[in-house]
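Please read the structure below before turning to the comments.
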Amino acid sequence: MAVGVIPSKVKSLFRPSFKKRRRPSNLSSICENKKLKNESTLTVHDYGSSPGLDLQLASPFFRELPIEIRKMVYRLVWLGSYDHKYHAPNGRHLHFQEGHWTNTRCVMYEDDEDLDLIQKTMDRVHNSGKGDLVMWQKRLASTWGSRHWRCEERIQYGRQKSIDRTNFMSMMLVCKRMFPEVIESIFESHQFFFNDFFSAHMFFVYSPSPYTSHIRHLDLSLNLPFYEYAPFIANAPKSRVRELWEALGDISCLHNLRISLDIYDRGPWRKIPECGVTSQLKDLKVLRNFTLELPPSLPIKTHPSNMHNIDPLEDTPFEVVRRPPLRYWQFSPGEVDRFSWETHTKGQQSHCFITLNREARHIPNPYLLDFF
148 MAVGVIPSKV KSLFRPSFKK RRRPSNLSSI CENKKLKNES TLTVHDYGSS PGLDLQLASP
208 FFRELPIEIR KMVYRLVWLG SYDHKYHAPN GRHLHFQEGH WTNTRCVMYE DDEDLDLIQK
268 TMDRVHNSGK GDLVMWQKRL ASTWGSRHWR CEERIQYGRQ KSIDRTNFMS MMLVCKRMFP
328 EVIESIFESH QFFFNDFFSA HMFFVYSPSP YTSHIRHLDL SLNLPFYEYA PFIANAPKSR
388 VRELWEALGD ISCLHNLRIS LDIYDRGPWR KIPECGVTSQ LKDLKVLRNF TLELPPSLPI
448 KTHPSNMHNI DPLEDTPFEV VRRPPLRYWQ FSPGEVDRFS WETHTKGQQS HCFITLNREA
508 RHIPNPYLLD FF
């Protein structure tokens, strides 16, 4: 029996061309599902008063195969011809764009895990004089992070759409009985990447799907403006970032979680209130790997208080990975400068400043301005 009504939230995630539609007033009641008591042999979800729901009791697929075997079948269906080419074979980028959700394949390579790869390439261009430093600078400053610049450029400049094709929609449309199992398998079998805070907040907080609790592998690259970190500096109780952390706590069976935090509107000066913004993350339960990627630990002088870095000796449930200090930046339009960080120490206090390699020009520290 074909699926009559599919929750628009779930449907829009897995069909890139699906346009924005009016959200039902009570989405949770439509998507609510209950399992039968004899779950050991059958997994049947009830969609309330949906007419004509055939439990498919005569189907050998549901009658003879337990749920564990059916999930194995679904995982085989998700295998694609391009999986072997990329570092995250089951990686999918989810982002809210032009009023609807789109999902694209993650095309990062294993070498992209090197957080200094872009600047190493810029070193070769700078030393040889062959190449486009401005292009690489744009990739370095991307809010998608240094690991996913290839994925971002596919979306910006067009892409080979055959790489992004999946069997998601065709499987969801088989029958009502199979639909919830298929959705659960999609969330359990894929690694989901969010590279902008708006999409992550929309997905987990503002309009969550009832199936988000089935996500097993999650990667968040959150390159935020300063005002998103301000509540942690001022000890304000309300914060959109805090709302996102609370929503992640509702995911009951996370296997792998990676969170990258950065700030994009302070130029090469990258410093965030690490202790405040990560305090809630210590309560998250992650079964396998929990990685927290942070800016370099430079002694950047700040006027706002509560800008302390995480103590490297502190016992935390996550592994802290720090990005290398930036050494390239476009301080003037159309021109990329190579610079170095110099540290000045007086007594027990140290602070760093930028020294340009070509000229004696002062680069002001934006954290020494009055933001409040």
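Mapping of the sequence shown onto this note's numbering: residues 148 to 519, in sequence order. In this text, a Cβ means the ideal position worked out from N, Cα and C, and glycines have one as well.
Beta-ladder partner(s) of residue i, from DSSP
i	result
Val468	Glu440
Gly238	Gln338
Glu482	Ser479
Cys322	In DSSP, Cys322 forms no bridge with anything.
Gln496	Lys493
Leu202	Answer is none; Leu202 lacks a bridge partner.
Ser356	DSSP, once it has assigned bridges, lists no residue as partnering Ser356.
Ser487	Thr502
Separation of residue j from residue i, as counted between CA atoms
i	j	result
Pro415	Pro451	18 Å
Pro464	Gln496	30 Å
Thr502	Pro471	17 Å
Tyr376	Ser426	13 Å
Phe345	Arg389	14 Å
Gly481	Asn504	17 Å
Ile265	Phe339	23 Å
Thr359	Arg435	18 Å
Arg210	Lys323	16 Å
Phe243	Thr249	6 Å
Leu212	Ser317	21 Å
Gly238	His491	44 Å
Lys181	Pro357	Residue placement at Lys181 cannot be trusted, given a pLDDT of 37 that sits under 50; the coordinates are not used to answer.
Val281	Glu489	24 Å
Met269	Trp283	7 Å
Ile510	Asp258	32 Å
Gly276	Ala347	40 Å
Leu223	His234	19 Å
Ile330	His231	24 Å
Val272	Phe486	15 Å
Phe561	Asp263	Residue numbering for the chain in the displayed model covers 148 to 519; residue 561 lies beyond these limits and cannot be assessed.
Glu421	Leu428	11 Å
Leu204	His295	46 Å
Trp125	Tyr304	Absent from the model: residue 125. The displayed extent of the chain is 148 to 519, so no value can be given.
Ser228	Pro236	10 Å
Leu515	Thr251	40 Å
Gln307	Gly278	25 Å
Leu369	Ile406	7 Å
His247	His364	23 Å
Asn453	Leu473	23 Å
Pro355	Asn382	27 Å
Gly494	Glu245	54 Å
For residue i, three-class secondary structure by DSSP
i	result
Trp476	strand
Cys298	helix
Arg363	coil
Arg170	The pLDDT assigned to Arg170 is 46, lower than 50, so where the model puts this residue is not dependable; a value taken from the coordinates is nonetheless given after this. Arg170 falls in the coil class under three-state DSSP.
Ile510	coil
Leu262	coil
Asp247	The question names Asp, but residue 247 in the sequence shown is His. Note: His247 maps to strand in three-state DSSP.
His348	helix
Leu280	helix
Ser317	helix
Leu371	strand
Leu212	coil
Arg252	strand
Ser332	helix
Leu226	coil
Ile146	With the chain covering only 148 through 519, there is no way to say anything about residue 146.
Ser293	coil
Ser452	coil
Pro553	A question about residue 553 goes unanswered here, because the residues of the chain that appear run from 148 up to 519.
Gln303	helix
Ala377	helix
Tyr221	helix
Cβ pair residue i, residue j closer than 8 Å
i	j	result
Ile410	Ile398	no
Val431	Leu395	Reading the sequence as shown, one finds Leu at residue 431 and not Val. Closer than 8 Å, so yes.
Pro413	Pro513	Looking at the sequence provided, one finds Arg at residue 413 rather than Pro. The answer is yes: Cβ separation under 8 Å.
Ile362	Phe326	no
Leu520	Leu404	For residue 520 there is no data in the structure shown, the boundaries of the chain being 148 and 519.
Phe341	Leu371	no
Leu439	Glu466	yes
Arg312	Val254	no
Val352	Leu401	no
Ser293	Lys218	no
Val468	Gln477	no
Ile447	Cys499	yes
Phe373	Val424	no
Phe315	Leu241	no
Leu320	Tyr475	no
Glu300	Tyr221	no
Ser336	Trp225	yes
Contact test: residue i Cβ vs the ligand PLP heavy atom, cutoff 7 Å
i	result
Met325	Looking for the ligand PLP in the displayed structure turns up nothing, as the structure carries no ligands at all.
Legend entry - Whole alpha helix (DSSP H) elements within the segment 383-447, 4-residue minimum: Whole alpha helix (DSSP H) segments, 4+ residues: 387-395, 421-425.
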